[in-house]
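Contents: one structure, followed by commentary.
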Amino acid sequence: MPEPPGGCESDAECPGPPDARCGAGRCVDGACVVEIEVGPLASQIRGDCKQDECTKDGRVVSVAAYDVYNDGNECTNDLCDFDTPANAQLTGVLCPVSGAGRCHEAQCVGCIDSDPTMPCPNGLMCDGTLCVRDHCVNNRHDPGSGETYYNCAGPCKPCPMGFDCETGDDCLDWVCDSGICRAPTCIDGVKNGTETGVDCGAPCPRCAPEGGCKTGADCTSDVCWAGACVAPTCTDGVKNGGERGVDCGGECDAACAP
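The sequence shown begins at 1341 in this note's numbering and counts up by one.
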């Protein structure tokens, strides 16, 4: 790019490249030059199967990259479908992390009622996807068994809302109040309902760093990795924390483009 008439005296007089992230204009020996750093940007969105990089003419382009998104689920296969993240469900395989049970519909389960190839061990019975004792499927309330209602609580599957309980462990939503399983709320101190963390994540307020998440929308930082919200950084490709722009201004060293 041409220098201003009569040359220049400072960098401020010199135009930079088309995208300020790729370099800057400099005043060198009284003449304006454009310094361009070709290659990947320091600021990237992790796990988006893309890489933003500067071209030699100072423009930012996004190219496909093997940058898989870790969703924190042992029963999905994290991969890139060209430049789009995909978390394919694993079905029928041994749960790769815990080694207990098999993967079914993106969950590690002990058994599947409709699948005879997934029986329960040691004479236990399959109740949906949970291996339980035989008294948990006999449609009776067996005194002394730990059940608080017909076939639920204690060693059986948790009881739904409105059923009798003794502790939160007896309830599907982990809340037992006055001997009754209650509906989840955003102030009950447990992770339940559709929450991704304890009393946070939709429909509750967003989760702070280290809280649970499924996507960045569950997090105050807009960054979710391996099932946990991540604290803001100056290289995460997201405007968060006290930044004025994406990874610039505030506590970040990079200045935001005017």
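The beta carbon of each residue, even a glycine, is placed where N, CA and C say it ideally should be.
Beta-carbon gap between residue i and residue j smaller than 8 Å
i: D1423; j: C1389; result: yes
i: C1569; j: D1558; result: yes
i: C1505; j: C1526; result: no
i: R1366; j: E1375; result: yes
i: A1446; j: N1417; result: no
i: A1493; j: D1510; result: yes
i: V1401; j: G1387; result: no
i: G1552; j: D1539; result: no
i: C1420; j: C1435; result: no
i: C1443; j: L1430; result: yes
Residue i, DSSP secondary structure in three states
i: V1368; result: strand
i: G1508; result: helix
i: D1423; result: coil
i: A1360; result: helix
i: C1521; result: strand
i: A1352; result: helix
i: C1596; result: coil
Alpha-carbon spacing of residue i relative to residue j, whole angstroms
i: C1592; j: E1583; result: 7 Å
i: P1495; j: P1459; result: 18 Å
i: Y1490; j: C1516; result: 17 Å
i: G1363; j: W1514; result: 54 Å
i: T1469; j: T1573; result: 40 Å
i: E1487; j: V1403; result: 57 Å
i: R1480; j: D1467; result: 14 Å
i: C1564; j: R1546; result: 11 Å
i: G1581; j: Y1406; result: 28 Å
i: T1534; j: A1428; result: 21 Å
i: G1519; j: L1512; result: 14 Å
i: C1596; j: K1554; result: 30 Å
i: K1531; j: G1537; result: 5 Å
For residue i, the first and last residue of its enclosing beta strand (DSSP E)
i: R1442; result: 1442 to 1444
i: Q1384; result: Note, Q1384: premise wrong, no beta strand (DSSP E); not H, not E.
i: V1403; result: 1400 to 1404
i: C1460; result: First-last for C1460: undefined, no H or E at that position.
i: V1449; result: 1447 to 1449
i: E1393; result: 1390 to 1394
- Item | Unbroken stretches of the beta strand (DSSP E), 3 residues or longer, contained in the stretch 1537 to 1580 | none
- Query: Taking only runs of the beta strand (DSSP E) that begin and end inside the stretch 1467 to 1518, which ones reach a length of at least 3 residues, in chain order?
  - Reply: 1470 to 1472
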